[in-house]
Each structure stands twice: as structure tokens, then as C-alpha cells.
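Numbering (the working numbering), first residue to last: 2 to 663. For glycine and all other residues, C-beta sits at the position ideal for the given N, C-alpha and C. Notes to accompany the following structure.
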């Protein structure tokens, strides 16, 4: 690995590298960056010139000849717009005019000032003059017929035509990837005999493109302006120089094993072919589906391998990612580097974190000091049934049955053993960055909606960026078995359809069966297997079995049940309950706690009395075992669905009181 260096443009160490990047972080130009710099921590690239260039503090610019422009840092809470390209300035620095105050430029636009006049343009018969176009105008470019709203352009004052800067000298170009003939600009899409796809980058061609009608060679504007290099030497990908074969051809990429249909880079000496996008694949990465680092290998050992992300077969003769700790863990190269799976950080040369992720310290045999309750020690109790009352785990908020637990003999704080062992940091397939464990503050009224199942909870939580998961959802792995289905289920992030347990709609991924058309959403996958209810002295078990008669009646709501949906049943009394009647959607909130939802305070109470209160939102008797009682009043909310209605009622009441006071 190259030795890291420091550059003036970025705070982290940079690795001298080459590769196809979305764009240079400094000048915003996309394409292949040769002999540039890469920051593995931020996954950003710089051209070598951009990383090393020294910018003047003040400059003259053709777009604003009246005053000098000064370079200064931008306040990140303000919005700036470049007066040349009319795009938003998202960089840390820009040039602006201290006199006009509303004139700013990207650093890249300031460095590459267009000439004030083009005397002999290709696209027009008369000289063209540099002409900043206002945001409110709607000129059409004479060449490409596209609008030039909010862009810089050239104008012929004799003919009154307007032409984009990039179109002024581009009716015909000589392209290094097609030297036999020049490419002509087409403005109305690709001809019918083409496949409407750029031969170099596979981008769908729409509107403006360059084309050779003799050879049927078509490229997009991006590949015309910034062509890919004809040859690449990238030792991380291959030991020899790779040459671009700019043509349509079917091939299997040696780096990822997937098929391609155009313009690979190849090594004639080794018969090695690779997609452009697979040049420079990271060697060592973390992915959300696995807790260990995985590394890229050019060929797998003998065996039948299956990708643990998509569950499709992996051809062992091509490149893939493997785990050195879990010897059977294999992932396709393209699955491992998907944006929703990988956080974009290359870890080669970066030491693995040695920080202890264990949440507790062992004080003595069967005695621990847990980070969530460090004021007292927790003692192991191998049988939770010995604890008196309806005791709930402070992490997952589920009742303690016969499971082993850790408990505090001083204040009654209880954790399931499995919850006490939750690591402080954890990877999870729901988000591409690691999650950090936070414990619920008993004195805090804050309740969180789980990003996976949608239920509010106030126990332990895992957070990563804007994503929050409760304990029940974080414990579901990407491949797991459920008692109510005979085959293993795997997480399918792209699934949109129906959950086979509750028949609810799913639009953000589900757990799918590879063997049959069976799908389970996060909510149903995380349902507790056993629950207690005041309706019966025995525990209820989660079931999907149908009775001989094919009919069920819920003993709480007394309505007929759909035999194709999951339910809770008592095997001793043959009592059956709807899942929603048995649990409601507030079961992950601890009874007795005060919570705050949208600035409204409630007390979570058990609905176990013979006379059930009436919901202030829907007007029905509350059936769920746990409901919300408004703080300081006798108003009740029976479900999450009713809360928005309750909030509207309270706002209307406030407006009425305010109007009555005048």
C-alpha cells in the first residue's frame, strides 16, 4: 500500500492512487483520476493538481470584471449559488465579491474562466461573446436545444442566438477511443439502429450525444468531454498494464464475476478482463451484513459458494470477498460494494479497532457491572421465573419468563442475559454504517420510533446517522430461521409487496424465502414467541396453524380471525387472540413510564381492568394491553394510529380556547 501523505485541501491522510471516481472533490469533474489522491476515511478523490494547487487570495475574473474576487470559507448554514455555472456551492471555500455581496463562484469555475470572446466558433458563423444568463431567462441553446436557465453561455448579438459554453466548439470532436472517424453532435437522441447506450460508460443516451454513423459508435457528453484513459496500470487490480477495448463485446469480469457487454479493460498477456467500475475495488472493507472485515480475493478455493447478501451462487474462478474469521462467508464483489451495504471506506492499512465493545465488566462469578447501570452490580439469575411480578427487561422491554437474567437486588433493574451481552458497536444490514448502543434513561420521557418495525419504544437503542433500531430488530440477522416457516429467511432490501404473516404492505424490505414465495416484514419477524395477557392465566404462543374447522374467534374483540394470518393461542385453553389485540402497538413502552410524543406527555398504563377506557381519538373501547393516558387529564390513546388524530383534537381545542379568550 502507498504511504499516506498530507495535502492542503483535506484534513485526513491521503493515499496516492488512481481510479474511476464519481468526481474530484475539489473541481467536481468526474471520470478516471490518474495519479490522484484518495481519502479512505471519507471516500473522496482529488486530482493531483487539485490537491496540490495553491489558490490566490484575490483574483480577477471575466465573469465579474468590475471588482476583485476574494477567496474565503463558507458558512455551512447558508446557501450559496455560483454565478457562472448557477449550481449550488457545496464546497468549504469559494470566491466572492465583498462589494456586491451576491456574487460567488466555485473555486473550479474561478480557475477555469471561459474566454470573453470566441472569434471563430465551430457552432456559429459569427463571433460569440461571453454572456452570463440570469436565472429568470429561458433561452434555448442553438446547438443542443436544451434550456440554459441559470447557466453561463455565449451570445451572438448579431443573430441573438445563445449557445452553451460547452456547445460552442463541439459540433464535431476527435475522440481518443475512436480515432478512425470524428464524432458528430446529435441533439435529438440516438439513431434507431443503436442500443441507446453509451459505448464507454453504459449510461442511457437521451437528448444530446456524440455519434459515428459509420461505425455505430455512440458516447455520452461526459465521456466525450472526459474520455476514459486508453490504458491503466493499477496493481491493486492486476499486475500488468490494462488496455481499454472500446467496443461492444460480451465478457465475464475477472474482478467481480458478472457479465459485461461493452468496453472492458483487458490484459492480453493474461486474458484478464475487468469492468471499468471494478478497477480499484477496495481490498479490505466492512459491510453491514457482517461483523468482521472482509477482503477481496481474485479466486476462491474449491467448493460451492453462495453470496451471503443476495444468496446467489458465486463462481469460484472470479473475484469475490471473503472473511478470514468465518471461512464460509463469501460475498459477490458487486454486492459487497453496493452503496446500501458498504460505507465507502477502504480499510487496507488502517488498523482494526481494538476498543473493547463488551458492555460490562465481570466483577466476580455471576456478578457484572453493566455500562447502563453502573451504580449497582447485576447478579446472574438463571431462571427468571423466580422473580416476583411482571418484570420487564430494561433493554428490550419484554416480560421476563424463564429466561436467564441479570438483576439488581437494590433497585430491581433487570436485563435478559442476551440483552446484557449486546455489543457497544454492531453492524446491521438495515444501514451501511456501524450502529452504537445507547441505553434508555429512566428519567427521560423520550420515546423513539424504530426505523425497521415502526413501533415506539423506550428501551435500549442502536443509532447510526438518522437510523434508530430497537433491540428486537437489531438481533435479527440477515439470514435467520423462524419457527413459523420451514425454510431459512434472508433479508431482501429491495422487496416491495405483502407480508405473509399480517398481510400488511411492505415497501422497505422484508425477509424472503429463497425456496418459496414467502415474505416477512420486520414487525412480524420481531414478534415475541410467547406473551402473557390478563385474559388467560396461561402464556400465549405465536402460531400460524389452522384449526380443523378453519375458523378462529378472537376472545378479546370477539371478531372472526383470518386463518391465514399469524395469531396468539393458548394450547391449554384453546383461546386465540389477534396479534394486535394481544400486543397492540405500544408493547415496547414500559408501563408506568412518562413519555413525550410531539410535545404531548403521556403515561404508559396497563389496560388490564374489567372496565376499559374509551380512546379519545377513535371513540372505541381500548382493547390493547398497553395504552397512553394524557398527562394531567383523563384522555386516552389506544394506538399509534390514533395519536395523530388525538394531536389534531388537542390543536383544535387550543385554537378554540385562544379564540374564546379574545
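In its own chain, which residues sit with a C-beta less than 8 Å from the C-beta of residue 372, not counting the 5 before and 5 after it?
-> Contacts found: 360, 361, 425 and 440.
Extent of the continuous beta strand (DSSP E) run through residue 175 | Unbroken beta strand (DSSP E) run through residue 175: 173-176.
Express the C-alpha separation of residue 656 and residue 464 in angstroms, rounding to a whole number.
-> Between the alpha carbons of residue 464 and residue 656 lies a gap of roughly 37 Å.
Where do the N-terminal and C-terminal ends of the alpha helix (DSSP H) with residue 645 fall, by residue?
-> Secondary structure note for residue 645: its alpha helix (DSSP H) is the uninterrupted segment 644-661.
What are the residues that DSSP puts in a beta bridge with residue 400?
-> DSSP lists 393 as the beta-bridge partner residues of residue 400.
Would you list, in sequence order, the uninterrupted alpha helix (DSSP H) runs of no fewer than 4 residues that lie entirely inside the region 154-237?
-> As summarised for the region 154-237, the continuous alpha helix (DSSP H) elements at least 4 residues long and confined to that stretch are 222-226, given in chain order.
Neighbourhood of residue 213 by C-beta distance below 7 Å, restricted to the same chain and skipping five residues each side | Excluding positions up to five away in sequence, the list reads 179, 182 and 184.
To which residues of the same chain is residue 511 closer than 7 Å at the C-beta, ignoring the five residues directly before and after it?
-> Cβ neighbours of residue 511 beyond the five flanking positions: 493, 496, 500, 520, 521 and 522.
Go to residue 256, then tell me how far its alpha helix (DSSP H) extends in each direction, as first and last residue.
-> Taken as a continuous stretch (DSSP letters only), residue 256 belongs to no alpha helix (DSSP H), as it is neither H nor E.
Cutoff 8 Å; reference residue 418; Cβ partners in own chain excluding five residues on either side | Exclusion of the five residues before and after residue 418 leaves 381, 404, 405, 406 and 407 as the residues of its chain whose Cβ lies within less than 8 Å of its Cβ.
Same chain only: Cβ atoms within 7 Å of residue 630, ignoring 5 sequence neighbours per side | Cβ neighbours of residue 630 beyond the five flanking positions: 603, 604, 606 and 637.
Determine the burial state of residue 612: buried for a count of at least 16 other Cβ atoms within 10 Å of its Cβ, exposed for fewer.
-> Looking at its Cβ environment, which holds fewer than 16 other Cβ atoms inside 10 Å, residue 612 is exposed.
Residue 585 beta carbon less than 7 Å from that of residue 625 | Contact flag set, yes.
Say whether the region 241-258 touches the region 269-283, bearing in mind that this needs 3 or more beta-carbon pairs closer than 8 Å, one atom from each stretch.
-> As far as the Cβ criterion goes, the region 241-258 touches the region 269-283, which means the pair count is three or higher.
Delimiting residues of the alpha helix (DSSP H) encompassing residue 406 | No alpha helix (DSSP H) contains residue 406, which is instead part of the beta strand (DSSP E) from 406-408.
Is residue 318 helix, strand or coil when you go by DSSP?
-> Here residue 318 sits in coil by DSSP.
Grab me the residues of residue 327's own chain with a C-beta within less than 8 Å of its C-beta, minus the 5 sequence neighbours each way, in chain order.
-> Excluding sequence neighbours, residue 327 sits near 291 and 293.
DSSP three-state call for residue 104: helix, strand or coil?
-> Shown here, residue 104 sits in coil according to DSSP, grouped into three states, outside any helix or strand.
According to the neighbour-count rule (16 or more other Cβ atoms, all chains shown, within 10 Å of its Cβ), is residue 299 buried or exposed?
-> Per the 10 Å Cβ criterion, exposed.
C-alpha gap between residue 393 and residue 344, whole angstroms | Their backbone Cα atoms lie some 36 Å apart in a straight line.
Do residue 503 and residue 474 have their CB atoms nearer than 7 Å?
-> No; because the gap between Cβ atoms is not below 7 Å, this pair is not in contact.
Return the chain-ordered list of same chain residues with a C-beta closer than 7 Å to the C-beta of residue 58, the five sequence neighbours on each side being excluded.
-> 71 and 72, listed in sequence order.
Give the C-beta separation of residue 601 and residue 562 to the nearest angstrom, bearing in mind that I take them to be a contact with Cβ-Cβ under 8 Å.
-> In this structure residue 601 is not in contact with residue 562, their Cβ atoms being roughly 33 Å apart against a cut-off of 8 Å.
Straight-line CA distance for residue 423 to residue 200?
-> The alpha-carbon atoms of residue 423 and residue 200 are separated by roughly 50 Å.
State the beta-bridge partners of residue 382 as determined by DSSP.
-> Its beta-bridge partners are 406.
Secondary structure, beta strand (DSSP E): runs of 3+ residues fully inside the region 589-650 | Taking only runs of at least 3 residues, the beta strand (DSSP E) segments lying wholly in the region 589-650 are 595-598, 601-607 and 627-631.
Does the separation of the CB atoms of residue 288 and residue 321 fall below 7 Å?
-> Not a contact, by the Cβ cut-off of 7 Å.
Continuous beta strand (DSSP E) stretch holding residue 53: start and end = According to the DSSP assignment, residue 53 belongs to no beta strand (DSSP E) but to the alpha helix (DSSP H) extending over 49-53.
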